[in-house]
Amino acid sequence: GGRGLHSDPMCLCGVLWDEREDFSFVLCFNRDEDPRRTPSLPPTPGRIVGGRDPDSRNGMWLGANTESGMLVALTNHDDSVHDVADGELNLKHVHHSSRGQLVVQALDDPAIAGAKHHRGYNLFLCNLRDRRPLFHLVSNRKRRDTVVTSVHEGEDHWRFIVDPDPRGVFAFSNGSIFEPDTGGPKVVLLRKYMRTMLDNFMAGLDVRQDNLLSNVDNIANEAGRILLMPEPSDPNEILPMTHFLPGVYDSKEELAECQKIFVQHQHFRTLSQTVVVRHRSGRVFYLERKVHPKVGPWERCEFHLDPLIPYNS
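According to the working numbering, the sequence shown is numbered sequentially starting from 1.
Structure, rendered in C-alpha cells:
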C-alpha cells in the first residue's frame, strides 16, 4: 500500500549515561525517512554540528551547539488517539514548514523550544556541559493522563524537565515522549539493548588515555550494531491499529515494519545513524554514517566543552 494519510517516518533515539564513568554520556539515533528524499548533508565542524536536510531548508533531526553544549534531537509523533486532543487531528492550522527548523531554533535558544502549529513532534534537549544533564522533553502532543508543565502560558505545547538518576538509559520514538513505553516494541527493545550496553560493554572499556579515540570508535560501532538490529518485533507486542488515528498506517504489515529498530519499508526506512559520545574531559565526539543503500563509514566531528559543570553546582 501507499503511505497513510498522516504517516510519517519515525526516527528512534536512545541515551545512556553514568556520571562516574570516563565516557559518561552516549546518545544514538536512527533517522527514518523517505528514501526518495534528497540525500542529507553530513555534519561538518562549526558552531552547530549535525546533518542537514536539503529538502527542509537545511533543517536538522539532531544537532549540537559546540559553544553552549546544547544537544537537541527530534522525532515525529505517530498521532495516537491518546495524544491528540478530542481524538482527531485538526490539520486546518498546521504549519507545514519543516519540523527540522525546530531543532535549529532550539540549538540557538532552548528556552523557546517547541511550536504549536506543526504536525506532531517530540523534542529532546540537554546540555552536555552538565556532568549529569537535565533532560528537557518537549512535545505538541500531550497524553491525556499525563500532567505536564507549559513552556509559556497559553501555548499548546508542553515540557517536562527530568532530573535523571546518576546512571540510566532513556529511549523514545514516535509515541509520547512523556511515557516510557508508548513508542511500541522498538522503544522497549532499544532500552533493553542500551541497558546491556551500559552494564556490560561500557564497563569493559580500557579507559587509558591513549585508547580514547579507539574507544570512541568502539562505542560508535556497538551503538551502530544495536541500531541495525534486524530482528522482527514480537507480534504480540505490536500496537493495534486502533491505537492510531485512521489513516496513520495503511496496514498491520506497515505498522509492524515501523515497530522495528532498523526500518526497511519501501516508503520509509532507516537512512542514517548518529552517535554522540562525551568523555569526562569535556571532549565530545559527533559521529554519523549513512546506512542506505549500504552501511558507510562514520563521519566524525569533535569539539571540547571545558569545564564540565558538576551536578547540583
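Glycine included, C-beta positions come from ideal geometry on N, C-alpha and C. Predicted, not measured: the structure shown is a model, and the values here were computed from it.
Every beta strand (DSSP E) of 3 residues or more that sits fully in the segment 160-239 is shown, in chain order, as 167-172. The C-beta distance from Leu123 to Val138 rounds to 4 Å, short enough to meet the 8 Å contact threshold. Between Leu71 and Leu27, the beta carbon gap of about 7 Å places them in contact (Cβ cut-off 8 Å).
Spatial neighbours of Arg167 in its own chain (CB-CB distance under 6 Å, excluding positions within 5 residues in sequence) are listed in chain order as Asp18.
Residue state for Val248 is assigned as coil, using DSSP reduced to three classes.
Contact annotation: the segment 214-225 touches the segment 268-284, with at least three C-beta pairs closer than 8 Å. When beta bridges are read from the DSSP output, Ile48 appears opposite Asn65. Of the other Cβ atoms in all chains shown, 16 or more fall within 10 Å of the Cβ of Gly224; this residue is therefore buried.
Taking C-alpha positions only, Val284 is separated from Asn127 by approximately 12 Å.
Separation of Ser281 and Pro310 (C-alpha to C-alpha, rounded to the nearest whole angstrom) is 12 Å.
By the C-beta criterion, the segment 234-242 is judged not to be in contact with the segment 293-308, since fewer than 3 inter-stretch pairs fall below 8 Å. Residue state for Thr38 is assigned as coil, using DSSP reduced to three classes. Non-local beta-carbon contacts of Ala171 in its own chain, meaning distances under 6 Å to residues more than five positions away in sequence, involve Gly14, Val187, Leu190 and Arg191 in chain order. Here Arg159 is not near His77, since their CB atoms are 7 Å or more apart. With distances taken between CA atoms, Arg57 lies nearest to Ser98 out of Arg129, Ser98, Leu125 and Pro43.
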